[in-house]
Each structure stands twice: as structure tokens, then as C-alpha cells.
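In the working numbering, the protein residues as written are 1094 to 1595.
Even glycine gets a Cβ: it sits at the ideal position worked out from N, Cα and C.
Beneath this line is the structure, given in C-alpha cells, with notes to follow.
The following block contains the structure:
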């Protein structure tokens, strides 16, 4: 494997390395580990000293003041990138400790236990040390980096990725990709996944330019259809359709609404997403869009978008989408669906796993646009990124590429909450054939939201107007969309919020 060495240069996040010694005061040599200095830099009450012979590898930088790059709300232009440069030596096979940050969740801990076991078998020279934090992990990486103690690898989300990339939090790994993965890197990976963590900072565009992380897993949204309920109402033929759009859903909802009110008393026809983000597959299915490929607003105020949102609102108020026990979340949707009280809902990969274990006959469908076009299944992504200032840069990259192996990707199927990136890992699994087909549909029909560094700004603005349209019966959808369009144009051009939102 080709190895790389990071050029040492000044960084707004990483100070120069300094030695720490207390021998002159206490007559002993004290060793400060990463954890010790991190505790001190974050103001934690206890700082334990590990005494013993000097250990050059464990002496870490002292804690600087928090960089302005971490607290400034404005994007930072022309931040120097931490780009690896190639050298000829191979990766060392001596035992190396790799520090990784991940999310704190019981399912995550179970998954990483299995990952560590596989890692010990495949790469015994890597000793993985993990710390688990509440989401978002990126904020914890930034705080640790500001203290001069960045982890080596972090599990990051595509939605937070550009915001922190512009603050130089992650290493540009394009040279690694070119030299160690080659032309076959894109094989067996969904195009949307390959766009999720590529970024060209100078153009402020997502999906082009260099890789700063490798996609590891995804969480697509599918339409779940309760086959048993549809058969009960004589709509079995509709379940045979492979290509579902918002028009198909409308046909099913209309036919179900014709049933006896008494029969439908405790049942719901469809679960309507409460958030604008979850509603995107409906928007795309109706041939609407938030932005074009370069992040410009193009169709948010179009008649097609207005028609799509009007359809969703009509379902909410006219087609009895809620049973008497109000449905509020995806978890509740899945429960109501599994107990035959809900005919359809837009769910995630986690719902696939829950419903697979439930006593319910179901199908899942990616949503296609009305007419021609590729499927429009929203997917969010999680990737493994190397932190700027990582102490074990070569080993970090070795670990990240190892995590893309099919045998490691298969471990995600046992996690029960997300999908692997590799289709081959799903296809060669021991799952039931129809379930494998559902999962493959889930990864190959994905589309990701065009997120850039302005996402934290425009997200609450869209959420406000979506809530107004969906929950305000008397709000004019076309007028509301025009106001939203104006705000989004301002945000994307000025890279700040309008005065009314500040």
C-alpha cells in the first residue's frame, strides 16, 4: 500500500508541538496523554498525571485559545488545506493506536464491537480506541482539535460536512483515493454516495472536486405500503406496480378513502412527514426541486412545486391521514403500520429492519418523478473522515479503506439501522431474496440533497415556510413559496441570513 506523509504547516486548529515536564517542580517526569490534556483544555475538574519514563509519542500539544475559525458564523475564505503528500515507505505494521470518535447509541456500540473484532482479525497492528459522543460528532472533533488533540478518524454526516470542512476540520484525501484505490473506486457504489463527501471549496459546490471523506453507510427514505390493508380493500393490483410516483400514491389514497367511514374509523390512509426534509421525496416525485446542480434556486416557487405541496396538504386535511391516536413520528408510523392501522408512510432504512421482524406483509418503493426520470429516494450519508492534525495519518487512511471491504460492510446489515454503501455486500448476504431486493433498491435509487456550507442557514427558513404551508389551512401556498424563494436566493448569494432572520 502506498503511504503518505502530511507536510507540517501552520493551521488555525493545530498549534506547534511542545514538550511538557514537571521534573523541575516535583522531581518526577509526568506523562500527559491526549485524554489528560483534553480534560484540561475543556476545563474538567480532574487532571490525572501518569508518572513514569518519558514517552515522546504521548507528549501532546498544550491547549491553545479556541480558534476564531470555530466560533465565527461567517464562512472562512482561503483556509489552507491539510493535503497529504506521497512518500515511498509502506505503512508500519508495528502496533499503532488509532483514535476514533463515533456517536453514542446502543446500536452503534454493538456495531463497533463487531467492527473491532473484524479489525483485530484483518489488521492486528491497528488498535482501535474509540470514544462515543452525542450527535453531532463534528462539534466534538472541533473542540478536541481546538485543544490540540484531534482524533485520527471521525464518523461524520453529510449534512454537517461542508460547514466544518470550510473550517479546515478534515483532511483532503483525494491523493489517497487516486493512488491507493485507483479507477475501480467508484465501482459498486451509488453515485449519490460518491457525491456526498466531495467538495470544491473555491466554487462552494458539493459533488465535484476532491474527496474529504469516504461514504460508509446510508439511510434512504422509501414509501412503505401495507399489502394486507390494500388487499382487504380490493386494491391488490396497485401493489404490482413497480414504479410509484405521487400520482400512484394519490390513486391508492383516493380508493382507500372511498371505503366505509366506519371501517376506516381507527385506520389511517397515509402518514404525512412533519418536516420539510422528510417531504423531499414527495417534492421530487412531483417534478419540483429546491435547487439546480450548482446550488442555485430554480424551481422552489414553480407551479409544479405549488401543486405538490397542495397535494400533501389536501391529504393532511381531507383524506384522514391520521387515526384517532395521532401519529407524530417515524417510530409511531412503523408501529401503526405493523398493527394494520396505517396503509402507507414514508420511512427510513431503520423501518425496513423493524418491519422485517414484524407480522405484517409489506412492500417498499422508491418514489419516481411523474413521467420519466430517475427515482427520487432521499438518502442521508455517514462517512469516515480523517481529522486535520491526525497523529496517525497513514494508519487512519488504512483503516478507512479497510472499512469499505465487503466483509466489513456486511456488519452494517446486522446493525439494523442503516445500509452499506456496497451493493455487493447486500447481494451476497444470507438475507431473504425479497428483502435483499428491497435493500438494493434502497441504495441504487438514492438522491442526496444538494447541501453546501449554507445548509445550516437555509434549513430553518425552509422548515418555517413548510410548517406554514402544511399546518396553515388558509395560507396561500404559491405566495408562501414566493417568499421562501426570495429568502433562499438571498442566503445562497450573500451566504448569510436576511436581516429579519438574524
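Around residue 1444, the same chain offers 1427 as residues with beta carbons nearer than 6 Å, after the five sequence neighbours per side are excluded. In the three-state DSSP reduction, residue 1571 falls in the helix class (H, G or I). For residue 1432, the closest alpha carbon among the candidates 1320, 1225, 1583, 1574 is that of 1320. Excluding the 5 residues flanking it on each side, residue 1550 has same chain C-beta neighbours closer than 8 Å at 1584, 1588, 1589, 1590, in chain order. At a Cβ-Cβ threshold of 8 Å, residue 1251 and residue 1541 count as neighbours. Judged by their CB atoms, residue 1480 and residue 1263 are nearer to each other than the 8 Å cut-off.
By the beta-carbon neighbour count (other beta carbons within 10 angstroms, threshold 16), residue 1351 is exposed.
Look at the stretch 1314-1348 and you find these whole runs of alpha helix (DSSP H), each 4 residues long or longer: 1320-1325, 1329-1332. Contact check for residue 1193 and residue 1266: beta-carbon distance about 16 Å, past the 8 Å limit, so the pair fails to qualify. In this structure, residue 1472 sits near residue 1285, with a CB-CB distance shorter than 8 Å. CA-to-CA, the gap between residue 1248 and residue 1195 works out to about 5 Å.
Here residue 1409 is near residue 1365, since their CB atoms are less than 8 Å apart. For residue 1438, no alpha helix (DSSP H) run applies; the uninterrupted beta strand (DSSP E) run containing it begins and ends at 1435-1440, by DSSP. For residue 1573, same chain residues with a beta-carbon under 7 Å away, outside a window of 5 residues either side, are 1558, 1561, 1562 in chain order. A Cβ-Cβ separation of about 19 Å leaves residue 1313 out of contact with residue 1526 under the 8 Å criterion. Check the Cα spacing between residue 1282 and each of 1434, 1345, 1311: the tightest is with 1311.
For residue 1520, the secondary structure class from DSSP, reduced to helix, strand or coil, is helix. Under the three-state reduction of DSSP output, residue 1473 falls in the strand class. Residue 1361 sits in a strand when the DSSP states are folded into three classes. Distance between residue 1497 and residue 1255, taken at the CA atoms: about 22 Å.
Here residue 1438 is buried, its C-beta having at least 16 other C-beta atoms within 10 Å. Closest by C-alpha distance to residue 1204, out of 1533, 1518, 1593, 1507, is 1507. Residue pairing from DSSP places residue 1312 in a beta bridge opposite 1473.
Between residue 1307 and residue 1290, the C-beta spacing is below 8 Å.
In chain order, 1495 place their CB closer than 7 Å to the CB of residue 1215, counting only its own chain and leaving out the 5 sequence neighbours on each side. Shown here, residue 1493 sits in a helix according to DSSP, grouped into three states. Closest in alpha carbon position to residue 1394, among 1276, 1577, 1213, is 1577. The continuous beta strand (DSSP E) containing residue 1246 extends over residues 1246-1250.
Under the three-state reduction of DSSP output, residue 1536 falls in the helix class. For residue 1219, the beta-bridge partners assigned by DSSP are 1189.
Between residue 1381 and residue 1358 a beta carbon distance of about 34 Å is seen, past the 8 Å cut, so the two are scored as non-contacting.
A distance below 7 Å between beta-carbons, with the five flanking residues on each side excluded, links residue 1434 to the following residues of its chain, in chain order: 1359, 1360, 1361, 1416. The stretch 1333-1349 and the stretch 1444-1464 touch, with no fewer than 3 CB-CB distances between them shorter than 8 Å.
The beta-carbon distance between residue 1515 and residue 1502, rounded to whole angstroms, is 5 Å. This is short enough to meet the 8 Å contact definition.
Contact check for residue 1191 against residue 1209 fails: the beta carbons are separated by 8 Å or more.
The beta carbon of residue 1368 sits closer than 8 Å to the beta carbons of 1556, 1559 from its chain, once the five residues preceding and following it are set aside; these are given in chain order.
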